[in-house]
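The structure under discussion appears below in the form of structure tokens.
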């Protein structure tokens, strides 16, 4: 739904086209900002509860953020951003974690109620992006090498999520 509010001009080869950014880039930044904010709330409330819990939570979040942020960077490049802009905007969306940490630390008694509402919004943004843009782009690829890379990344992602879930 939000995609309709962002300007996007579709064009085909041979037409005069202006350089544009696909709405997927803005949607991934919005979803990532919310996701990072929630991570910050978890970190802040963990530190409020116990310093050891805060350190462990922070390390686990960092471990799950590294592959996610690399994936987001790829989506931002696919969406038409330059490497510099993708890195810069991805960094800005990561800064929301600091705000979330501060809020999570000082309002930790009520944090569970907030996370229950924010987490589905962030997850929905990522699922929508994958379903509407990334899967169709992968399906257009005809080369076996590209399909194998996509399959490897998919399997690696599932294994990584399983490892993080077991250790979480």
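Residue numbers (the working numbering): 882 to 1049.
Where is the CB? At the ideal position from N, CA and C, for every residue including glycine.
By Cβ distance below 6 Å, which residues in the same chain neighbour residue i in space, the five residues on each side in sequence not counted?
i	result
residue 977	914, 917, 918
residue 886	For residue 886, the predicted structure reports a pLDDT of 47, less than 50, and the residue's modelled location is therefore unreliable. A value from the coordinates is still provided. Hits under 6 Å: none found.
residue 956	909
residue 1022	none
Identify which residue in the options has its Cα closest to the Cα of residue i.
i	options	result
residue 1035	1016, 980, 969	1016
residue 1041	944, 939, 905, 920	944
residue 989	905, 929, 920	929
residue 1047	1020, 941, 927, 905	941
residue 935	1043, 982, 1022, 1025	982
residue 967	987, 939, 1038, 903	903
residue 980	925, 908, 1037, 1044	925
residue 973	1020, 910, 1030	910
residue 987	964, 927, 1012	927
residue 939	920, 1030, 949, 953	920
So residue i and residue j are in contact, right, with Cβ under 8 Å, and what is the actual spacing, rounded?
i	j	result
residue 985	residue 937	That belief does not hold up - the Cβ atoms of residue 985 and residue 937 are roughly 15 Å apart, past 8 Å.
residue 958	residue 970	Incorrect: roughly 11 Å between the Cβ atoms, too far for contact.
residue 1031	residue 1019	5 Å
Looking only at its chain, what residues have a beta carbon closer than 7 Å to the beta carbon of residue i, apart from the 5 residues adjacent to it on each side?
i	result
residue 1044	none
Leaving out five residues on either side along the sequence, give the residues of the same chain with a beta carbon under 8 Å from the beta carbon of residue i.
i	result
residue 954	967, 968, 971
_Start-end ranges of the alpha helix (DSSP H) lying completely within the stretch 891-962, minimum 4 residues_ = Complete alpha helix (DSSP H) runs here, min 4: 904-930, 932-959.
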